[in-house]
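Novice: Reading the sequence shown from the start, the letters are residues 88 to 279 in our numbering.
Idealized CB from N, CA, C, for every residue including glycine.
Values in this document were obtained by computation on a predicted structure and should not be read as measured data.
Sending over a structure as C-alpha cells; questions will come in a sec.
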Amino acid sequence: SLLSVGSFAIWLYSLATFRSKDLLPRDFVEQLKALLKTSRYEEARELCQSQGKLLGSIISAGISSRRLGAQIMIDAMKSEGKRASTSFWQRLSLLNDVVIIAPMLGLLGTVIGMFYAFYDVNRSVESINALFDGLGIAVGTTVMGLVVAILAMIFYTTLKYQLVKTLSSVENEALALSPLIDSGTKSSQIAP
88 SLLSVGSFAI WLYSLATFRS KDLLPRDFVE QLKALLKTSR YEEARELCQS QGKLLGSIIS
148 AGISSRRLGA QIMIDAMKSE GKRASTSFWQ RLSLLNDVVI IAPMLGLLGT VIGMFYAFYD
208 VNRSVESINA LFDGLGIAVG TTVMGLVVAI LAMIFYTTLK YQLVKTLSSV ENEALALSPL
268 IDSGTKSSQI AP
C-alpha cells in the first residue's frame, strides 16, 4: 500500500513539475531568439541563467562555448541537456524500481503466509482455521503486490512518454536556436 501511494505521489509530482509549457515558455523563447538574432550573446546568456529552466541551461552552455567551434558548442549543449535532465530520469527510475520490488514483496508475503498456514498443522478444527488464515494472507499479499506493480507500470509508462516527448521538444528548440548562436563563430573560423 505504501509503495502504491509513493509511486502515485512521484507520478503526480513529476507530471506537475515537468510540463512542456514550463520548460519551453513561448515568451522566453521569443525573447531569446530576438537577442541571438541581434548577436547580443551576453544578454542572452544572462537571460538563460536567470530563467533556470532546461532550455536556458542548454543555450547558456552553447553561448559559453560558441567561440570554440560549432562541434564543441553542440557537444557542450548536448552534455548540459543530459546533465540537466538527470533528475527527471531519476524520478522515472524510482517508478521502475517500484514495478520491480512490488511483486517481490507480494511473493515474500505469500511465503510468510504459507509458512504461517503450515507451521503447526495438526488435525484439529483450529488448525484448519489457521490454515485458511495463512492461505488468505498468502493470496492477499500476492494480489496486492501485483496491483501495485501494475499501477506503477502504468505511471512509469505515461511519465516516460511525457518525458521523452518534452525532452524532444526542448532538444528540437535548442537545435533550432544553435545556428543563431553559431553565427558568431563562422566569421572567426575563416582565416586569410
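I need the straight-line Cα distance from Q276 to C135, nearest angstrom please.
Specialist: Mapped onto the sequence shown, residue 276 falls at position 189. Mapped onto the sequence shown, residue 135 falls at position 48. Residue placement at Q276 is poorly supported in this model, since its pLDDT is 40, which falls under 50; the coordinates still yield a value, given next. Near 26 Å, if we compare the C-alpha coordinates of C135 and Q276.
Novice: Mind listing, in chain order, the continuous alpha helix (DSSP H) runs of no fewer than 4 residues lying wholly within the stretch 108 to 158?
Specialist: Fully enclosed alpha helix (DSSP H) runs of 4 or longer: 113 to 124, 128 to 138 and 141 to 151.
Novice: Do L182 and G232 have their C-beta atoms closer together than 8 Å?
Specialist: Residue mapping note: residue 182 aligns to position 95 of the sequence shown, counting from 1. Residue mapping note: residue 232 aligns to position 145 of the sequence shown, counting from 1. No. Outside cutoff.
Novice: Just to confirm, is the Cβ distance from L142 to L250 under 8 Å?
Specialist: If you number the sequence shown from 1, residue 142 lands on position 55. If you number the sequence shown from 1, residue 250 lands on position 163. Contact flag unset, no.
Novice: Ignore the nearest five residues each way along the sequence and tell me which others in A261's own chain have a CB closer than 8 Å to its CB.
Specialist: Mapped onto the sequence shown, residue 261 falls at position 174. Here the set comprises L142, I145, I146, G149, M164 and G168.
Novice: Compare the C-alpha of V226 against each of P190, M240 and T245 and name the closest.
Specialist: Looking up residue 226 in the sequence shown gives position 139. Measuring from the Cα of V226, the nearest candidate turns out to be P190.
Novice: Taking Cβ positions, are W98 and L192 nearer each other than 8 Å?
Specialist: Taking the first residue of the sequence shown as position 1, residue 98 is located at position 11. Taking the first residue of the sequence shown as position 1, residue 192 is located at position 105. No, the pair does not count as a contact, with Cβ atoms beyond the cut-off.
Novice: Just to confirm the assignment, what range does the alpha helix (DSSP H) spanning R178 have?
Specialist: Counting from 1 along the sequence shown, the entry for residue 178 is found at position 91. Start and end: T173 to F205.
Novice: Can you tell me which of the three DSSP states S88 falls into?
Specialist: As a first step, residue 88 must be located in the sequence shown, where it is residue number 1. Correct three-state label for S88: coil.
Novice: Taking C-beta to C-beta, are S172 and L111 nearer than 8 Å?
Specialist: Taking the sequence shown and counting its residues from 1, one reaches residue 172 at position 85. Taking the sequence shown and counting its residues from 1, one reaches residue 111 at position 24. Not in contact: S172 and L111 (Cβ atoms no closer than 8 Å).
Novice: Find the nearest neighbour of S88 within the set L267, V235 and F115, judged by alpha-carbon distance.
Specialist: As a working mapping, residue 88 is identified with position 1 in the sequence shown. With distances taken between Cα atoms, S88 lies closest to V235.
Novice: Go through its chain and collect everything with a Cβ distance to S101's Cβ below 6 Å, but skip five positions before and after it.
Specialist: As a first step, residue 101 must be located in the sequence shown, where it is residue number 14. Answer for S101: R178 and L246, listed in chain order.
Novice: Within 10 angstroms of its Cβ, does Y128 collect 16 or more other Cβ (buried), or is it exposed?
Specialist: Your numbering for residue 128 matches position 41 in the sequence shown. With 16 or more other Cβ atoms within 10 Å, it is buried.
Novice: Taking a contact to mean a Cβ-Cβ separation below 8 Å, would you say I161 touches S256 in this structure?
Specialist: Sequence index remark: in the sequence shown, residue 161 carries index 74 (1-based). Sequence index remark: in the sequence shown, residue 256 carries index 169 (1-based). Against a cut-off of 8 Å, the Cβ pair of S256 and I161 comes out as no contact.
Novice: To the nearest angstrom, how far is it from the Cα of F205 to the Cα of G223?
Specialist: Within the sequence shown, residue 205 is the residue found at index 118, counting from 1. Within the sequence shown, residue 223 is the residue found at index 136, counting from 1. Looking at the two C-alpha atoms, the distance is approximately 13 Å.
Novice: Apart from the five residues just before and just after L90, which ones in its own chain have a Cβ nearer than 6 Å to its Cβ?
Specialist: As a working note, residue 90 is residue 3 in the sequence shown. These residues qualify, in order along the chain: V185, A189 and V235.
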